[in-house]
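J.: Going left to right, the sequence shown walks through residues 1 to 110 as UniProt numbering numbers them. Don't be surprised by glycine CBs; every beta carbon is placed ideally from N, CA and C. Dumping the structure here so I can ask a few things about it.
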Amino acid sequence: MPIPEITPAELARRLAGPPESRPVLVDVRFAHEHEWVALPDSVLMPLPELEEHAEALEALRGRPVVVYCHHGVRSLDGAAYLRDRGLEAVSLKGGIDLYSRTVDPSLPRY
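In structure tokens:
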């Protein structure tokens, strides 16, 4: 089954909404990428370490989660992992790179 994706424009719309309806942002890139540029209030959980974050992930149950990476490839795997565990996860289409090109050009690109 394909993993659902959210567009950068739709994510920006949801992030601008009321706090209680905003999704949790999970960044599955590596720490050095997250330090370079990250979406505000995102939580870093590198893809190879997702299992180590089981407790933190459990706390997200019942909340919408948007998983993102650089170009939207690793985030598909991350969202699949979370969905397999019963979380409401989607992947950010095109990753933070497309988000920076189409929504917030002030974000550095790499």
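Quick check on the DSSP output: the beta strand (DSSP E) that includes D27 runs from which residue to which?
T.: Residue mapping note: residue 27 aligns to position 27 of the sequence shown, counting from 1. It spans 24 to 27 - the beta strand (DSSP E) in which D27 sits, taken as one unbroken run.
J.: The alpha helix (DSSP H) with E51 in it runs from where to where?
T.: As a first step, residue 51 must be located in the sequence shown, where it is residue number 51. No alpha helix (DSSP H) holds E51; DSSP gives it neither H nor E.
J.: How big is the Cα-Cα spacing for W36 and R83?
T.: For the purposes of this step, residue 36 is identified with residue 36 of the sequence shown, where counting begins at 1. For the purposes of this step, residue 83 is identified with residue 83 of the sequence shown, where counting begins at 1. In a straight line, the C-alpha of W36 is about 28 Å away from that of R83.
J.: Which residue wins for smallest C-alpha separation from I96, given the options M1, P40, S21, P2?
T.: Working through the sequence shown from its first residue, we reach residue 96 at position 96. For I96, the nearest C-alpha among the options comes from P40.
J.: Would you mind sorting S100 into buried or exposed? The rule is 16 or more other CB atoms within 10 Å of its CB.
T.: Looking up residue 100 in the sequence shown gives position 100. Looking at its Cβ environment, which holds 16 or more other Cβ atoms inside 10 Å, S100 is buried.
J.: When you compare only the Cα positions, how much space is there between P46 and G17?
T.: Mapped onto the sequence shown, residue 46 falls at position 46. Mapped onto the sequence shown, residue 17 falls at position 17. Rounded to whole angstroms, P46 to G17 spans 27 Å at the Cα level.
J.: Could you give the residue range of the beta strand (DSSP E) that holds P64?
T.: What you label residue 64 is simply residue 64 of the sequence shown in a count that begins at 1. Here the beta strand (DSSP E) through P64 covers 64 to 68.
J.: Kindly indicate which three-state DSSP category S75 falls into: helix, strand or coil?
T.: Position 75 of the sequence shown, counted from the start, is the residue given in the question as residue 75. Of the three classes helix, strand and coil, the one that applies to S75 here is helix, per DSSP.
J.: Within its chain, find whatever has a CB closer than 6 Å to the CB of E55; leave out the 5 residues flanking it on each side and keep chain order.
T.: Counting from one through the sequence shown, the residue named residue 55 turns up at place 55. Nothing meets the Cβ criterion.
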